[in-house]
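In our numbering, the protein residues as written are 10 to 294.
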């Protein structure tokens, strides 16, 4: 049986043994690498092997396009307090670095220095709030997070804390042509993002693709089955009665939102999910 000392991995050739013995630590590894030899501790070897495996992971982003997955994040989802399951995302940090960086700032357990603030907003307890069947699911709405403008600069207000906010304009060649792709609306300031449910070409110029659902499509299917608010009339679509209904609805909703500032009107939007769907836990994998 052949035994390998994991404290020193490599084939030594062309380098005197005495020289190896005289050198230690970083200097020894540097010299070995210069001579075509690699030397790693057990921990370095495991980290290198794991890192290589992660960096080499690719997924199909539609139309046969293979995209590298740089980070993995999970969302545990519930409906009206009942566990629905876990959705795992693979993020495209090479193809959408700015969007992925902003997304990870809202994921707890992130690497030190990547978060907005020690007590910053996060996707835990955020809402999955809208579903357009056959099109997309909107999620990532964080409670108590609002925006305001000072001297043409936009900021977040989170429970009394002021945090910087900015719209990231990022364009890549990826298109929303496959179910499960993650999409961020360009010029949108906020944590909200979407999951594509089907090929949706009309979104091409509006959204940046930055990831994909790796596991948990069954959770998406259950969300798609939930009732949503459509505000449709009982009349035939396109009829005079239907047009009158739509005009009245538009006027009353606008009046309630912009004049009365009624919360019920502010929360009235088409395809709102009529159940409480939230992310109860999230983190990096």
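Beta carbons: idealized from backbone N, C-alpha and C, even for Gly.
In the structure shown, residue 201 falls within a coil segment according to DSSP collapsed to helix, strand and coil. Around residue 286, the same chain offers 88 and 137 as residues with beta carbons nearer than 6 angstroms, after the five sequence neighbours per side are excluded. Under DSSP, residue 137 forms a beta bridge with 148.
Take the alpha-carbon of residue 130 and the one of residue 167: they are about 7 angstroms apart. It is roughly 34 angstroms from the alpha-carbon of residue 161 to the alpha-carbon of residue 293. If you ignore the 5 residues before and after residue 72, its C-beta comes within less than 7 angstroms of the C-beta of 186, all in its own chain and listed in chain order. As for any beta strand (DSSP E) of minimum length 3 sitting wholly inside the region 155-231, the runs are 162-167, 170-173, 190-194, 202-205 and 216-224, ordered along the chain. Nearest to residue 153 by alpha-carbon distance, out of 165, 143, 238 and 190, is 165. The way I'd put it, the region 228-239 doesn't touch the region 193-201; fewer than three beta-carbon pairs between them come closer than 8 angstroms.
Counting other Cβ atoms within 10 Å of its Cβ, residue 217 reaches 16 or more and is therefore classed as buried. For residue 206, the closest of 133, 290, 146 and 69 by C-alpha to C-alpha distance is 146. With contacts defined by Cβ atoms closer than 9 angstroms, residue 225 and residue 101 do not form a contacting pair. Bridge pairing for residue 129: absent [DSSP].
According to the DSSP secondary-structure assignment, residue 280 is paired through a beta bridge with no residue. If the five residues before and after residue 142 are omitted, its C-beta is found closer than 7 angstroms to the C-beta atoms of 233, all from its own chain and listed in chain order.
Annotation: the continuous alpha helix (DSSP H) that includes residue 108 extends over 106-113.
Residue 202 is not a Cβ neighbour of residue 109, given a cutoff of 9 angstroms.
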